[in-house]
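Structure first, commentary second.
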Amino acid sequence: MPLRAAPVSVLTVAYLDAASTEPLHPAARDAFMAALEAGWADPARLYGTARRAQMLLDQARADVAEILGARPDEVSFTSSGTQAIHLGVLGTLQGRRRIGRRMVTGAVEHSSVLNAAAAHEREGGEVETAGVDITGRVDAGAFAAALSRPGTALACLQTANHEVGTLQPVPEAAEAAQAAGVPLLVDAAQSAGRLPVPGGWSVLTASAHKWGGPAGVGVLAIRKGTRWRSPYPEDEREHRRVPGFENVPAIVAAAAALRARAAEEAEEGPRLSALVERIRREVPRLVPDVEVIGDPVRRLAHLVTFSCLYVEGEALLTELDKSGFSISSGSSCTASTLRPSHVLEAMGVLTHGNVRVSLPRGVSESDVDRFLAVLPDVVRRIRSSLGVH
Amino acid sequence: MWRRRSGGGGTQETSPREAHEAPQAPVRAEPAADLTIDALGRKCPIPIIMLAEQINSVSLGGVVAVLADDPAAFTDIPAWCRLKSHAHVDTYELPQGGWSIHVRRNY
Numbered sequence: 001m002p003l004r005a006a007p008v009s010v011l012t013v014a015y016l017d018a019a020s021t022e023p024l025h026p027a028a029r030d031a032f033m034a035a036l037e038a039g040w041a042d043p044a045r046l047y048g049t050a051r052r053a054q055m056l057l058d059q060a061r062a063d064v065a066e067i068l069g070a071r072p073d074e075v076s077f078t079s080s081g082t083q084a085i086h087l088g089v090l091g092t093l094q095g096r097r098r099i100g101r102r103m104v105t106g107a108v109e110h111s112s113v114l115n116a117a118a119a120h121e122r123e124g125g126e127v128e129t130a131g132v133d134i135t136g137r138v139d140a141g142a143f144a145a146a147l148s149r150p151g152t153a154l155a156c157l158q159t160a161n162h163e164v165g166t167l168q169p170v171p172e173a174a175e176a177a178q179a180a181g182v183p184l185l186v187d188a189a190q191s192a193g194r195l196p197v198p199g200g201w202s203v204l205t206a207s208a209h210k211w212g213g214p215a216g217v218g219v220l221a222i223r224k225g226t227r228w229r230s231p232y233p234e235d236e237r238e239h240r241r242v243p244g245f246e247n248v249p250a251i252v253a254a255a256a257a258l259r260a261r262a263a264e265e266a267e268e269g270p271r272l273s274a275l276v277e278r279i280r281r282e283v284p285r286l287v288p289d290v291e292v293i294g295d296p297v298r299r300l301a302h303l304v305t306f307s308c309l310y311v312e313g314e315a316l317l318t319e320l321d322k323s324g325f326s327i328s329s330g331s332s333c334t335a336s337t338l339r340p341s342h343v344l345e346a347m348g349v350l351t352h353g354n355v356r357v358s359l360p361r362g363v364s365e366s367d368v369d370r371f372l373a374v375l376p377d378v379v380r381r382i383r384s385s386l387g388v389h
Numbered sequence: 390m391w392r393r394r395s396g397g398g399g400t401q402e403t404s405p406r407e408a409h410e411a412p413q414a415p416v417r418a419e420p421a422a423d424l425t426i427d428a429l430g431r432k433c434p435i436p437i438i439m440l441a442e443q444i445n446s447v448s449l450g451g452v453v454a455v456l457a458d459d460p461a462a463f464t465d466i467p468a469w470c471r472l473k474s475h476a477h478v479d480t481y482e483l484p485q486g487g488w489s490i491h492v493r494r495n496y
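Residue numbers (the working numbering), protein chains in the order written: chain A, 1 to 389; chain B, 390 to 496.
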């Protein structure tokens with residue numbers, strides 16, 4: 001249906017914020033409904049319905065472990081990606097307390113890592129932050145040198161940045177960590193289900209709703225032999241690593257989504273990457289005074305970020321929302337925290353007028369066409385309202 | 390301690406700060422500028438718009454000082470210099486909070 005013929009109320013909204021959360025994968029929906037019927041009982045009990053729930057949980061664990069490159073007994077499910085990171089960071093620091101109290105992290109990690117680091121500092125621990133270049137990539141040499149200093153209990157590095165899509169040098173960091181005998185926590189939240197997880201991790205974290213699973217399921221994998229001690233009171237669940245009754249239907253759905261998404265990646269990844277490449281190329285051509293940021297090549301397939309000079313980020317998002325685009329910004333957090341995005345700040349790029357486009361599975365090319373058609377005028381109008389012509 | 394890189398347009402790193410702390414610039418004597426733009430209390434992108442509007446009112450090689458206290462300006466003015474091929478000379482902390490960010494007109 002031609003857009004101009006459609007009344008505003010039925011204007012199709014293009015969802016371009018997969019990096020915040022990927023829409024539920026159809027495979028997850030089916031698995032969830034089935035598991036609500038078959039997997040509601042307490043998997044820790046011994047009767048038939050309980051054993052069925054346990055079987056579903058075991059199968060989901062085996063599937064997730066296989067795809068992420070872990071052993072099933074290394075994988076625990078948490079209630080979110082953030083909880084997985086908090087447990088991964090604080091539990092490893094706790095487990096290696098006698099070895100040292102130093103933690104090394106990248107400057108553009110997810111806030112859950114930085115907040116866990118801040119908690120560690122408040123408890124008297126030391127945190128060293130490795131800086132990034134203008135593409136948002138952590139300096140592998142500096143990171144390696146930092147984690148090799150004596151007393152390092154843990155190093156943390158994301159596979160890919162959540163705001164600008166730049167891939168991080170995880171293989172190099174893993175090699176250095178192994179040589180130094182320091183556990184490396186790899187935060188795979190943005191890449192799990194899309195890219196193979198690099199090996200060499202001691203702790204691995206991920207979040208199901210980023211790959212098309214339901215919200216409320218995180219993954220915490222702890223490599224056999226890694227010292228780890230829960231920062232929480234004792235609990236029997238999830239190999240004693242995560243407290244509380246497992247959400248079996250959601251975990252089953254998460255595993256189904258991961259399997260489906262990983263299988264589709266060979267086709268979907270290059271398709272999304274080509275659309276992102278087009279946005280990267282076209283936006284600076286169509287809109288004056290724009291900087292496309294992040295690594296143009298070593299990046300996530302589905303994510304691109306750019307900043308528009310002389311434009312307020314929130315105004316941009318509001319106008320794009322009115323035009324039918326659900327989209328996010330690294331600068332939108334300014335309103336709530338009065339601080340610009342720590343990622344953009346660490347990179348030394350424009351922190352205002354920032355737009356992050358992240359393409360969900362199955363996004364149509366016409367959505368990207370329409371975005372590129374609408375954007376120049378939206379930016380021009382906002383600039384002109386500030387007296388910039 | 391690792392420092393964030395500067396966003397300055399081909400200038401030296403003069404105002405390092407840690408990624409996780411409030412922006413800080415070295416406390417040093419501030420040289421005179423050819424033009425001072427008072428953008429204190431203004432939110433980004435307004436300080437940068439003011440700078441873009443007025444940079445041509447100093448002569449080539451002249452220095453504009455932008456007074457700003459929006460934390461975004463600390464990163465964004467050097468980034469603007471890089472994008473626009475002007476030079477971020479230095480950033481000085483103001484006693485009342487905020488910074489005086491010096492920019493040299495290159496063309």
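Note that beta-carbon positions come from the ideal geometry of N, C-alpha and C, so glycine has one too.
From a predicted model like this one, the values you see are computed outputs, not experimental measurements.
The ligand SAH heavy atom lying under 7 Å from the CB of residue i
{"i": "B:Gly487", "result": "As for the ligand SAH, it is missing from this structure, which has no ligand bound."}
Enclosing beta strand (DSSP E) for residue i [first to last residue]
{"i": "B:Cys433", "result": "That residue, B:Cys433, is in no beta strand (DSSP E); it is neither H nor E in DSSP."}
{"i": "A:Arg102", "result": "102 to 106"}
{"i": "A:Gly218", "result": "218 to 222"}
{"i": "A:Arg356", "result": "354 to 358"}
{"i": "B:Ala476", "result": "476 to 482"}
{"i": "A:Thr78", "result": "75 to 78"}
Three-state class that DSSP yields for residue i in the structure shown
{"i": "B:Arg493", "result": "strand"}
{"i": "A:Gln158", "result": "strand"}
{"i": "A:Ser148", "result": "helix"}
{"i": "A:Leu16", "result": "coil"}
{"i": "B:Ala421", "result": "coil"}
{"i": "A:Ile382", "result": "helix"}
{"i": "A:Thr49", "result": "helix"}
{"i": "A:Ser112", "result": "helix"}
{"i": "B:Gly399", "result": "Because B:Gly399 carries a pLDDT of 38, less than 50, the predicted location of this residue cannot be relied on, and the following value inherits that uncertainty. If DSSP states are grouped into helix, strand and coil, B:Gly399 belongs with coil."}
{"i": "A:Thr129", "result": "strand"}
{"i": "A:Val466", "result": "Any property of residue 466 of chain A remains undetermined from this structure, which presents chain A solely from 1 to 389."}
{"i": "A:Thr305", "result": "strand"}
{"i": "B:Ser446", "result": "helix"}
{"i": "A:Ser390", "result": "Outside the shown range of chain A (1 to 389) lies residue 390 of chain A, about which nothing can therefore be said."}
{"i": "A:Leu300", "result": "coil"}
{"i": "A:His25", "result": "coil"}
{"i": "A:Ile293", "result": "strand"}
{"i": "A:Ile67", "result": "helix"}
{"i": "A:Ala153", "result": "strand"}
{"i": "A:Val388", "result": "coil"}
{"i": "A:Asp30", "result": "helix"}
{"i": "A:Asp377", "result": "helix"}
{"i": "A:Ala167", "result": "Residue identity differs from the one stated: residue 167 of chain A is Leu in this sequence, not Ala. The answer is strand: DSSP assigns A:Leu167 an E or B state."}
{"i": "A:Leu204", "result": "strand"}
{"i": "A:Thr318", "result": "helix"}
{"i": "A:Asp187", "result": "strand"}
Residue range of the alpha helix (DSSP H) that includes residue i
{"i": "B:Ile426", "result": "Run containing B:Ile426: none in the alpha helix (DSSP H); it sits in the beta strand (DSSP E), 424 to 428."}
{"i": "A:Leu277", "result": "Rather than Leu, the amino acid found at residue 277 of chain A in this sequence is Glu. Residues 248 to 286."}
{"i": "A:Ala192", "result": "Per DSSP, A:Ala192 belongs to no alpha helix (DSSP H) and is neither H nor E."}
{"i": "A:His86", "result": "81 to 95"}
{"i": "A:Phe245", "result": "Looking at the DSSP string, A:Phe245 is not in any alpha helix (DSSP H), and its letter there is neither H nor E."}
{"i": "A:Glu123", "result": "Segment: none, A:Glu123 is in no alpha helix (DSSP H) and carries neither H nor E."}
{"i": "B:Asp465", "result": "460 to 473"}
{"i": "B:Leu456", "result": "No alpha helix (DSSP H) contains B:Leu456, which is instead part of the beta strand (DSSP E) from 452 to 457."}
{"i": "A:Val343", "result": "342 to 347"}
Three or more C-beta pairs closer than 8 Å, one from the region 107 to 127 of chain A and one from the region 81 to 90 of chain A: is that the case here? yes
Please name the residues in the region 426 to 455 of chain B whose beta-carbon is closer than 9 Å to at least one beta-carbon of chain A, in chain order. Lys432, Cys433, Pro434, Ile435, Ile437, Ile438, Ala441, Glu442
Three or more C-beta pairs under 8 Å: does that hold for the region 343 to 354 of chain A against the region 305 to 312 of chain A? yes
Check whether the region 212 to 224 of chain A and the region 25 to 42 of chain A are in contact - that is, three or more C-beta pairs closer than 8 Å. yes
So, do the region 181 to 198 of chain A and the region 149 to 161 of chain A have three or more beta carbon pairs nearer to each other than 8 Å? yes
Check distances from the C-beta atoms of the region 466 to 488 of chain B to those of chain A and list, in chain order, the residues that come in under 9 Å. Pro467, Ala468, Trp469, Arg471, Leu472, Lys473
Near-chain B residues of the region 348 to 377 of chain A - C-beta to any C-beta below 7 Å: Gly348, Val349, Leu350, Thr351, His352, Gly353
For the region 288 to 307 of chain A, which residues have a CB atom closer than 7 Å to at least one CB atom of chain B, in sequence order? Glu291
Using a Cβ distance threshold of 8 Å, determine whether the region 314 to 333 of chain A contacts the region 439 to 459 of chain B, with at least three qualifying pairs required. no
Name the residues in the region 150 to 166 of chain A whose C-beta lies less than 9 Å from a C-beta of chain B; which are they? none
Contact between the region 164 to 176 of chain A and the region 293 to 300 of chain A: three or more CB pairs below 8 Å? yes
Taking 8 Å as the cut-off, does the region 424 to 432 of chain B touch the region 440 to 451 of chain B (at least 3 CB pairs, one atom from each stretch)? yes
Could you tell me whether the region 375 to 383 of chain A touches the region 340 to 350 of chain A, using the rule of 3 or more Cβ pairs below 8 Å? no
May I ask you to verify whether the region 265 to 285 of chain A touches the region 244 to 252 of chain A, counting CB pairs closer than 8 Å and requiring at least 3? no
Taking contact to mean at least 3 C-beta pairs separated by less than 8 Å, is the region 189 to 205 of chain A in contact with the region 48 to 59 of chain A? no
Identify each residue in the region 20 to 44 of chain A for which the Cβ-Cβ distance to at least one residue of chain B is less than 9 Å, and report them in chain order. none
Spell out a yes or no on whether the region 59 to 76 of chain A and the region 97 to 110 of chain A are touching, meaning 3 or more CB-CB pairs, one atom from each, closer than 8 Å. no
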